[in-house]
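Novice: Residue numbers (my numbering), protein chains in the order written: chain A, 1 to 521; chain B, 522 to 870. Backbone N, C-alpha and C fix where the C-beta goes; we use that ideal spot for every residue, glycine too. These figures come from a predicted structure and were not determined experimentally.
1. Comparing the C-beta of residue 723 of chain B with each C-beta of chain A, is any distance below 8 Å?
2. Ordered along the chain, which non-local residues of its own chain (more than five positions away) have a Cβ less than 6 Å from that of residue 859 of chain B?
3. Would residue 758 of chain B pass as an interface residue toward chain A - the criterion being a Cβ-Cβ separation below 8 Å?
4. Contact criterion: CB-CB distance below 8 Å. Does residue 394 of chain A meet it with respect to chain B?
5. Considering only residues of the segment 70-129 of chain A, which uninterrupted beta strand (DSSP E) runs meet the minimum length of 3 residues and lie entirely inside it, listed in chain order?
6. Compute the distance between the beta-carbons of residue 727 of chain B and residue 778 of chain B, then report whether it is under 8 Å.
7. I'd like the ranges of any beta strand (DSSP E) spanning at least 3 consecutive residues and lying wholly in the segment 232-287 of chain A.
8. Quick check: the segment 552-567 of chain B against the segment 801-810 of chain B, are at least 3 beta-carbon pairs closer than 8 Å?
9. What residues of chain A sit near residue 738 of chain B, judged by a beta carbon separation below 7 Å?
10. Who are the near neighbours of residue 700 of chain B in its chain, counting only those whose CB is closer than 7 Å to its CB and skipping five residues on each side?
11. What would DSSP say about residue 864 of chain B, mapped onto helix, strand or coil?
12. Among all the DSSP beta bridges, which residues are the ones paired with residue 525 of chain B?
13. Closer than 8 Å by C-beta to residue 863 of chain B: which residues in its own chain qualify, once you throw out the five before and the five after it? Chain order, please.
14. Shorter than 8 Å from the beta carbon of residue 750 of chain B to some beta carbon of chain A?
15. Please tell me whether residue 644 of chain B and residue 623 of chain B are closer than 8 Å, where the distance is taken between their beta carbons.
16. Mind listing the chain D neighbours of residue 311 of chain A? Cutoff is C-beta to C-beta under 7 Å, in chain order.
17. What did DSSP end up calling residue 834 of chain B once you bin it into helix, strand or coil?
18. Is there a Cβ from chain B that is less than 8 Å from the Cβ of residue 344 of chain A?
19. Pick helix, strand or coil for residue 322 of chain A, following the three-state DSSP scheme.
20. Rounded to whole angstroms, what's the CA-CA distance from residue 659 of chain B to residue 853 of chain B? Just pull it up for me.
21. Just to confirm the assignment, what range does the beta strand (DSSP E) spanning residue 291 of chain A have?
22. Would the C-beta of residue 699 of chain B count as close to the ligand HEM, meaning under 7 Å from any of its heavy atoms?
23. Please return the same chain residues whose Cβ sits closer than 7 Å to the Cβ of residue 382 of chain A, not counting the five positions on each side in sequence.
24. Would residue 602 of chain B pass as an interface residue toward chain A - the criterion being a Cβ-Cβ separation below 8 Å?
25. Identify which residue in A:164, A:456, A:295 has its Cα closest to the Cα of residue 477 of chain A.
26. Could you pull the DSSP bridge partners for residue 342 of chain A from this structure?
27. Using a C-beta cutoff of 8 Å, does residue 330 of chain A count as contacting chain B?
28. Give the interface partners of residue 868 of chain B over in chain A, defined as CB-CB distance under 8 Å, in chain order.
29. Output the distance between the C-alpha atoms of residue 552 of chain A and residue 600 of chain B, rounded to the nearest integer angstrom.
30. Give the interface partners of residue 532 of chain B over in chain A, defined as CB-CB distance under 8 Å, in chain order.
31. What do you get for residue 362 of chain A, buried or exposed, if any count of 16 or more other CB atoms within 10 angstroms of its CB means buried?
32. Alpha carbon to alpha carbon, how far is residue 720 of chain B from residue 813 of chain B?
33. I'd like to know whether the C-beta of residue 357 of chain A is nearer than 8 Å to at least one C-beta of chain B.
34. Quick one: Cα of residue 216 of chain A to Cα of residue 441 of chain A, how far?
35. Can you say whether residue 694 of chain B is buried or exposed, counting buried as having 16 or more other CB atoms within 10 angstroms of its CB?
36. What are the start and end residues of each continuous alpha helix (DSSP H) run of 4 or more residues lying completely inside the segment 550-576 of chain B, in chain order?
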């Protein structure tokens with residue numbers, strides 16, 4: 001459907017005085033902005049600042065309490081995604097909405113037309129997809145099954161889906177959270193292509209350098225209000241960060257220190273694949289006291305397996321693991337905790353917390369059996385005291401310890417998990433994507449705490465897809481690819497380009513030990 | 522049409538909707554009563570009179586509520602841990618069989634020893650019956666809804682075999698019926714002269730015990746954690762499989778107490794019609810109670826009152842007793858809907 005005829009200088013999108021309340025919480029207050037044709041605006045803001053709510057109102061998933069949305073000069077009826085879709089809004093969600101058992105072209109055609117209708121011409125659909133692919137540099141095979149695609153490819157399918165429906169406005173919610181640096185660059189190329197074609201883009205991100213790279217204009221949301229609007233070429237990342245949190249930002253300072261003895265050692269460890277991701281394929285690694293070891297790599301290359309191994313969810317099939325000098329025979333999460341491993345899981349909603357449990361219950365999830373009970377009776381008074389202590393010490397913003405944790409923002413949830421882990425005084429810390437999706441204030445807080453644990457002699461394994469984060473914090477970096485580990489890159493010798501080569505899976509073939517195992521199998 | 526999760530349900534939504542579900546149940550019943558040619562107010566009046574109108578009626582209602590409290594608790598405990606035990610009926614019969622095996626003279630002990638032994642043995646039997654599907658679930662991933670449901674029929678046929686064979690009363694004139702329990706194996710009445718046995722007391726104690734386990738013990742904490750989010754529970758070091766098996770043992774044991782209490786308290790012997798579906802009605806009771814152990818007592822009394830009241834209502838105004846079944850079924854469906862709507866808002870696109 002072509003967009004309605006209109007004046008080229010008129011804004012394609014106009015939000016006027018949008019206010020949205022959830023009970024006593026105001027998610028958006030009096031937000032107004034305009035989006036011009038061919039413009040890219042970045043929406044910046046802390047977690048819980050109201051970015052996603054605003055986009056859901058624009059997309060028609062929520063109804064605003066006050067204010068209106070105008071698309072191409074016409075007021076959008078509230079609460080109807082279909083109207084937004086038909087008016088040419090395409091949304092790429094943070095969590096993809098694709099059917100894994102269908103093919104790429106089926107996913108793209110789905111919703112635009114019925115897959116069982118007699119009028120469906122697969123060849124025509126695929127041709128159109130190929131054209132769009134080429135035009136926008138979105139390389140995907142229309143006949144591939146979505147379940148087999150990488151995360152980056154799935155995102156391309158999502159974007160193609162929007163383009164297939166003639167979207168004139170693209171909304172991308174945290175699009176680079178799941179991409180490698182190279183894939184992110186490809187995405188930016190696509191976006192520039194789209195802008196050339198006259199599309200307008202709303203780009204939601206936490207990563208300031210991306211915002212600088214891709215946007216024309218930046219809108220900063222704080223506590224649901226639009227606090228600043230800047231032309232991208234007239235601002236700096238520092239200014240944007242300060243606007244976001246409402247205060248100047250300070251990254252933790254890196255102090256040199258000599259590492260101690262290895263606390264956890266892996267020798268040629270092999271594990272099963274986890275879900276759709278690679279298992280470990282003969283990994284040797286030492287985590288030393290007073291040292292942060294960074295694990296870089298494209299997601300799905302064995303990070304899950306290594307994280308599950310350290311968490312106690314998975315045992316090695318082959319190879320040796322020793323934890324603080326002991327070789328555990330039985331390996332479960334409880335044993336791992338008992339050996340002094342503190343675990344910050346990748347997904348704080350699904351694995352880190354129980355959404356409908358309150359803060360007290362979530363606080364004692366790992367220690368109820370050892371510290372907060374006697375003869376099978378839970379000591380709720382002590383548990384509550386402990387929760388209150390954590391809330392205060394780790395600055396968890398919440399109405400109180402009886403709050404269900406699902407009502408907390410991601411940052412505060414993570415602070416509680418961090419407190420739960422650090423209060424057990426762990427000797428080894430697994431931090432898997434510890435700041436994913438967090439705002440800058442919370443990011444600095446978490447990084448500061450990890451640096452502090454390092455200073456106090458803990459061995460930290462930091463797994464992240466954000467190379468900046470890894471390079472800023474780590475004493476030594478390994479790259480993981482297809483379940484294999486690159487040699488160690490000590491601090492100061494790490495250049496992103498070098499790491500990128502290993503992340504792409506090169507270099508390993510020159511490694512004689514890997515060659516041997518490859519021949520053996 | 523689409524469901525949108527509600528972050529902060531209001532108190533009106535949380536408690537008003539379940540109340541509305543119960544109220545709607547009565548509206549539906551009223552319409553049906555009118556179709557049957559009766560005055561709905563007279564019908565409800567007779568139901569209330571039949572359930573609570575006399576000392577006899579009240580005691581009858583409490584007696585009827587007793588097995589429902591046990592099976593309701595069994596279902597609530599299991600459902601809270603997301604173990605879908607549809608097999609309370611089989612577990613009930615397992616308890617009843619155990620009561621007959623031990624209580625017909627095999628153990629010549631005084632009541633103070635014999636009754637606790639029978640109760641514990643009955644619980645073990647029920648626990649074992651649920652342990653099999655639970656093991657199939659944890660070991661092989663077999664859906665327990667199917668296995669527990671089908672096990673009901675298998676076990677009922679097994680009871681039928683027992684009553685035709687090893688447990689058949691030689692003095693029973695050929696009826697498929699067990700011997701009567703000895704006097705020491707009978708649950709005494711709570712007050713002498715009134716037809717209410719200690720099974721009811723045991724049921725209330727069981728409800729309180731489950732409540733305490735839930736709220737105060739590590740097992741209760743583990744069961745709730747596993748039910749809410751097994752993945753997070755596993756990550757936190759909670760032995761999920763062991764917790765599911767413990768839940769199965771507790772749930773099966775509670776359901777078996779229903780059988781024990783019916784045989785030792787009310788009937789005195791085992792027949793194939795011991796339970797008119799108490800195991801299934803327990804699901805209704807648990808859902809109406811929103812899976813809360815104290816709520817189970819209230820819900821069981823409500824359900825029992827409707828059944829007992831409907832009997833005398835039917836005699837008085839001539840509306841069939843099936844009205845009670847319809848009321849229960851609609852109460853269940855409306856309650857499930859109400860629970861859904863406390864968590865989600867319906868949006869039309």
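Specialist: On the basis of the data shown:
1. no
2. 538, 539, 542, listed in sequence order.
3. yes
4. no
5. 89-92
6. yes
7. 262-270
8. A contact is defined here as three or more CB-CB pairs under 8 Å, and the segment 801-810 of chain B fails this definition with respect to the segment 552-567 of chain B.
9. 376, 377, 378
10. 625, 690, 790
11. In the three-state DSSP reduction, residue 864 of chain B falls in the helix class (H, G or I).
12. BP columns for residue 525 of chain B point to B:866.
13. 527, 530, 534, 535, 538, 539
14. Yes, contact with chain A.
15. In this structure, residue 623 of chain B does not lie closer than 8 Å to residue 644 of chain B by Cβ.
16. Checking the listed chains, one finds no chain D in this structure; the protein chains it contains are A and B.
17. Here DSSP, grouped into helix, strand and coil, assigns residue 834 of chain B to helix.
18. It does not: the Cβ of residue 344 of chain A has no partner Cβ on chain B nearer than 8 Å.
19. In this structure, residue 322 of chain A counts as strand in the three-state DSSP scheme.
20. So the alpha carbons of these two residues sit roughly 29 Å apart.
21. 291-296
22. By its list of ligands, the structure shown contains no ligand whatsoever, and the ligand HEM lies outside what it can speak to.
23. Result list for residue 382 of chain A: 372, in chain order.
24. no
25. The shortest C-alpha separation from residue 477 of chain A is found at A:295.
26. A:429
27. no
28. 79
29. The shown model of chain A, from 1 to 521, leaves out residue 552 of chain A, and the question about it has no answer.
30. Within chain A, no residue comes near residue 532 of chain B; the closest Cβ sits about 12 Å away, beyond 8 Å.
31. buried
32. 20 Å
33. yes
34. 25 Å
35. In summary, residue 694 of chain B is exposed, with fewer than 16 beta-carbon neighbours lying within 10 Å of its beta-carbon over all protein chains present.
36. 561-573
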